[in-house]
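Residue numbers (our numbering), protein chains in the order written: chain A, 59 to 488; chain B, 59 to 488.
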């Protein structure tokens, strides 16, 4: 349940999509790493907040207690700490596992690919963070998915908001995960969860509501830096000043048109410590809607300066920022688009079919195809002793093979091969 | 335990190796598919003989009972049956899982890549089987792993041998898995396991011993076809006649020099029904040994005509033959070779570092690098506001970046960029 086989047409489309993403990661100088699908259970525990219950655990068959990785970020942090690496720019494309309620039509699976790019190391503020946003912008533009917006916020600003609204510090994380639902449900519901389940005072919730419904650009940052309460909070002030710097860099990258500083963005995971962001597509193409409607997140990420330290015996921190591309949702969109276009993707790359027009020529086909393979040419033949020529040419048309190399009795006697262009039916002897 | 992280240098080497294998599979016209890492437990049970105990099971967390795939063959057969596909040539490169005793120095892991190529469908005998052997030959030759031999046998011949030696039919599978150990232990030990654990009579074991120690080529096939006992056995005769046909095709492919018809080859898995084969490297390069010594199997496969039918509700059979490349062992060899050569593999593909020679030029770097990325050029910069030029050039040398694009105050004023060849130190303004 919640998993799927990829038949050839889907596998070919996914390969194309993954290589677009990987080539962007390589353009930004990242190296590839790979980590096991299996992690020690204790590595994954306490990193994902409420979602920890979605982790797949392996049966205890003797030996270590294992689980399937839930994302690629925690294994990356574990890898850095284990190898005492303090400086690295890496990408990782691999499957992750979540015992979630699958919604396969919207591209939500229990086994799915993640494509992650992360920068680890102590650097000057917001330069790597800006690059992560540039990467999201490049990938979503390259793939021509239609209009999108990248929402940006900062955990320090959110925590500052909670503090000045009178939320006690031990309720920051629950408050945060409630705010995170604002992209799916209206403020009234979020408010009642805050007051009911999370036990905030109605006054605090109302004050939070005033902040988290704000979104804008540089002007909003300036406005909040002047906010009499928020500007007095050390964390919020740091966050706002970094946000201003981030917008400066994004202006130099020329991408602020797609960026929205959005105080409702919270991100579910515990480990974020600074900038957080999430890209959403504004409407499905082919749907003519008046108001841009979000069809959900296709990329997300943020800064997690404390995670590596959790795996280091001495707690040494390695600041990190990274982005994860939501490849499955993008894949669903591209798949629907391909289907609508009626275009048929070739699933093989075969250049030539080796064919014979008469019986008793299997040996000639085997000799010729062997020569072609050894010369690096992509070649196929039918696995029959005496196939009809028509069947062989039909196979070319069905699978998109452009050429047929035909050896008949005459060609054998003359020491030549007849090369036929399947589409035009032109033939040359060579 | 028994798993590993791949740091960038290893990931780059593995990528290179996998693309060599995949390009061979594509040369032979295969399409890619992908299946989940998770399979239903019942799908995997009863397919792997004694090795079933090595399957990783997931904890029962509610819902389906799951396990991690043990190989790519059973999922392929499940995929064919589920989708009622009767004809397909596919490759699949993915990780599989075995709770085995790891021997990591010899490239034996609990999580490892398999690279499989399979041909499913009802075809004329031995044509697809011959292609599988050709593929093994091409890959091992391409990778220049040194001398190798591909051992070939047929389950029908083995079963015929057991029959004429007086083994009851219900002991064919145990007898087979005992013969399989002949590549690791001497005949005396195999014999005593047959008589002791497996309960064969000493006479039967001795008769088996006479056959399974034979190996050769076409002459041995002819000899056995004349064998008064074996030639009377229907299965053995079929197997031997197909083996003769296989050798005919392999002669046309020009690869019989590396093929050995070897009656000791049994292969551990239950599902094989016809031709089986296994490629072994004859000696490590750089080791000057008199006698060629096997360093273990690097590829294997065979025909499994009954497996798909086990997943079809009506038991409809789809004949299949396939090969699996033992990529981890090959990877270990290439890794050792790379280490010995002292060659350093680049782990990134960055073409140019954007650098500044003075302070306060971060904005100029951000603007230039953004232009380069948008033009599809692989570019990096240091994540510092004011890095020293020497540090920037040092970074190029450390990571193999060939060019530095330098913007200083003068270049900014002149509207140019200074492009520096890192190795030769030549500079041009452009």
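No residue lacks a Cβ here, since even glycine has one placed at the ideal position from N, Cα and C.
Residue i classed as buried or exposed, judged by whether at least 16 other C-beta atoms fall within 10 angstroms
i	result
residue 488 of chain B	exposed
residue 270 of chain A	buried
residue 469 of chain B	buried
residue 292 of chain A	exposed
residue 100 of chain B	exposed
residue 382 of chain B	buried
residue 217 of chain B	buried
residue 200 of chain A	exposed
Residue i - containing beta strand (DSSP E), residue span
i	result
residue 87 of chain B	Here residue 87 of chain B belongs to no beta strand (DSSP E), and DSSP marks it neither H nor E.
residue 477 of chain A	476-479
residue 355 of chain B	355-361
residue 175 of chain B	169-178
residue 339 of chain A	333-339
residue 212 of chain A	206-212
residue 485 of chain A	485-487
Within-7 Å CB hit, residue i to chain B
i	result
residue 441 of chain A	yes
residue 431 of chain A	yes
residue 64 of chain A	yes
residue 475 of chain A	no
residue 428 of chain A	yes
residue 472 of chain A	no
residue 137 of chain A	yes
residue 362 of chain A	no
residue 337 of chain A	no
Residues that residue i contacts on chain A, provided the C-beta gap is smaller than 9 Å
i	result
residue 121 of chain B	59 and 157
residue 375 of chain B	The contacting residues do not exist; residue 375 of chain B stays about 17 Å from chain A at best.
residue 73 of chain B	90
residue 84 of chain B	406, 407, 408 and 436
residue 108 of chain B	Within chain A, no residue comes near residue 108 of chain B; the closest Cβ sits about 16 Å away, beyond 9 Å.
residue 105 of chain B	Those within 9 Å of residue 105 of chain B in chain A number zero; the least Cβ separation is about 18 Å.
Proximal residues of chain A, C-beta to C-beta of residue i below 8 Å
i	result
residue 91 of chain B	63, 64, 65, 66 and 69
residue 296 of chain B	Residues of chain A passing the Cβ test: none, with the nearest at roughly 17 Å.
residue 148 of chain B	66
residue 469 of chain B	Near residue 469 of chain B there are no residues of chain A at all, since even the closest Cβ is about 17 Å away, more than 8 Å.
Per-residue contacts from residue i into chain A (C-beta, under 7 Å)
i	result
residue 181 of chain B	441 and 442
residue 117 of chain B	115, 116 and 117
residue 185 of chain B	441
residue 42 of chain B	Chain B is shown only over 59 to 488; residue 42 of chain B falls outside these bounds and no answer can be derived.
residue 449 of chain B	Going along chain A, no residue has its Cβ under 7 Å from residue 449 of chain B, so there is no contact; the nearest lies around 13 Å.
residue 307 of chain B	424
residue 421 of chain B	310
N- and C-terminal bounds of the alpha helix (DSSP H) containing residue i
i	result
residue 307 of chain A	292-310
residue 253 of chain B	245-253
residue 192 of chain A	185-200
residue 99 of chain A	99-102
residue 446 of chain A	No alpha helix (DSSP H) holds residue 446 of chain A; DSSP gives it neither H nor E.
residue 134 of chain A	131-140
residue 230 of chain A	230-237
residue 318 of chain B	First-last for residue 318 of chain B: 317-320, but that is the beta strand (DSSP E), not the alpha helix (DSSP H).
residue 368 of chain A	365-369
residue 269 of chain B	260-270
residue 375 of chain B	First-last for residue 375 of chain B: undefined, no H or E at that position.
Cβ of residue i within 7 Å of any chain A Cβ
i	result
residue 453 of chain B	no
residue 405 of chain B	yes
residue 413 of chain B	no
Partners in chain B for residue i, counting only beta-carbon separations shorter than 8 Å
i	result
residue 94 of chain A	61, 62, 63 and 169
residue 247 of chain A	Ordered by position in chain B, no residue passes the 8 Å Cβ test against residue 247 of chain A, which lies about 28 Å from the chain.
is_contact[residue i, chain D] using C-beta, thresh 7 Å
i	result
residue 292 of chain A	The structure shown has no chain D; the protein chains it does contain are A and B.
Beta-carbon neighbours of residue i, restricted to chain B and to distances below 7 Å
i	result
residue 311 of chain A	424 and 428
residue 269 of chain A	Chain B residues near residue 269 of chain A: none, gap ~30 Å exceeds 7 Å.
residue 153 of chain A	95
Residue i beta carbon near the ligand PLP (any heavy atom closer than 6 Å)
i	result
residue 204 of chain A	Looking for the ligand PLP in the displayed structure turns up nothing, as the structure carries no ligands at all.
query: Using 8 Å as the threshold, is the stretch 217-224 of chain A in touch with the stretch 255-263 of chain A, meaning 3 or more CB pairs across them?
result: yes
task: Count the C-beta pairs between the stretch 443-455 of chain A and the stretch 88-106 of chain B that are closer than 8 Å, then say yes if the count reaches three, no if not.
output: no
- prompt: Any chance the stretch 278-287 of chain A sits against the stretch 167-179 of chain A, with 3 or more Cβ pairs inside 8 Å?
  reply: no
- request: Would you check if the stretch 206-216 of chain B and the stretch 245-260 of chain B touch, i.e. whether three or more CB-CB distances between them fall below 8 Å?
  value: no
message: When you compare the stretch 160-172 of chain B with the stretch 60-78 of chain B, are there three or more beta-carbon pairs, one atom per stretch, that lie closer than 8 Å?
response: yes
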